[in-house]
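First residue of the sequence shown? That's 58 in the numbering used here, and the numbers climb one at a time after it.
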Amino acid sequence: GYDDALDSQLDHVIPALNKRGLHASFYIPINGPTLPGRQNEWKAAAAAGHELGNHSLFHGCSAKGPGREWVLPYRDLDKQTPAQVQEQVIAANTWLQSLDGRKKRTFTPPCLDLTAGGQDFVKALQPHFVAYRAATPAMVTDTAAFDPYAVPVYFVEGMTGAQLIALVEKAASQGAFVALLFHGVGAEHLSVTREAHDELLDHLARNKGRFWTDTMVTVMENARAQAGK
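Next up, the structure:
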């Protein structure tokens, strides 16, 4: 999946996925840099089979800790209530539905922060989503036992093509599900190079018999159906 609705995702990632017949999820904060200017391109991405995932209205995060200096005071989750954040996430769902016409999607809490004002805000939102990407990196080998509202993700910034391929090969060797979290590709923040990204896509496309690559909502609906959840 790809977070933050970045230009590089529209410029490079979606064409690269489409060319190879692969689908992915894009987690879109409604104040993202490509909105509203490139809104029609996101509509086209959804029509091509990609998921427009929820990433809240304003990408609010906790300002605590190192590396969080960029969080604006009025978007600091520590200064908001769960009800405020929940209202924004539900509003983002409504807006995304106006783009893609879909009622089922998944959610990635910005920064994977799960509390507002020191209290959990995500549990009450579960009825609105098929799943959350919201846990630390791990391979999921038992989809019947795992929590769809704590799907583990790997942050892959700076990885080479060989490292990305090794990660999915490790998952394949274990018969596991793995979720990769990209941001910028060849540009912007927390990025990987275009070359590394395309090496991974080429590997997945060449080995479709071994790898099922799809949107988070499709994979999680399948996993939940298998687990009877």
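Even for Gly, the Cβ is constructed at its ideal location relative to N, Cα and C.
Beta-carbon contacts of residue i that lie in its chain and below 7 Å, excluding the five residues immediately before and after
i    : result
L79  : L258, L261, A262 and T270
A149 : I87, N111, S113 and L114
K287 : Examination of residue 287 is not possible in this model, given that the chain is present from 58 through 286 alone.
T138 : A173 and G174
H69  : V242, G243 and R251
K160 : Q154
Q283 : T200 and A201
Beta-ladder partner(s) of residue i, from DSSP
i    : result
F164 : N111 and Y189
V197 : F234
Y131 : According to DSSP, Y131 bridges with nothing at all.
S82  : E108
T172 : D177
V249 : V242
D298 : Past the edges of the chain, shown from 58 to 286, lies residue 298, and the structure says nothing about it.
F203 : According to DSSP, F203 bridges with nothing at all.
V208 : R190
Euclidean distance between Cα positions of residue i and residue j
i    : j    : result
R95  : G110 : 16 Å
P90  : A195 : 30 Å
E144 : T250 : 36 Å
S155 : K121 : 34 Å
E214 : H240 : 8 Å
A181 : L237 : 25 Å
E98  : A219 : 30 Å
Q183 : A104 : 25 Å
L92  : E226 : 35 Å
I222 : N264 : 11 Å
Beta-carbon proximity list for residue i, same chain, < 6 Å, skipping 5 on both sides
i    : result
T217 : A253
I85  : A62, L109 and H112
S82  : G58, E108, G110, T272 and M273
R267 : A229
V142 : A173 and F178
I71  : A102
L247 : E214 and H240
Cutoff 8 Å; reference residue i; Cβ partners in own chain excluding five residues on either side
i    : result
V276 : F234 and W269
S119 : R125, V128, D133, L134, D135, C168, D170 and T172
R77  : L258, D259, L261 and A262
Nearest-angstrom beta carbon gap, residue j and residue i [assumed within contact, 8 Å]
i    : j    : result
T200 : A280 : 4 Å
L224 : D170 : Their Cβ separation, rounded to whole angstroms, is 24 Å, which puts L224 and D170 out of contact at 8 Å.
V187 : P166 : With a Cβ gap of about 15 Å, V187 and P166 do not count as contacting.
Y189 : T163 : 7 Å
E256 : S65  : Not really, about 16 Å apart at Cβ, beyond 8 Å.
K100 : D60  : At roughly 19 Å, the Cβ-Cβ gap does not stay under 8 Å, so K100 and D60 are not in contact.
A202 : A192 : At roughly 14 Å, the Cβ-Cβ gap does not stay under 8 Å, so A202 and A192 are not in contact.
H328 : I147 : This structure gives no information on residue 328, because the portion of the chain shown stretches from 58 to 286.
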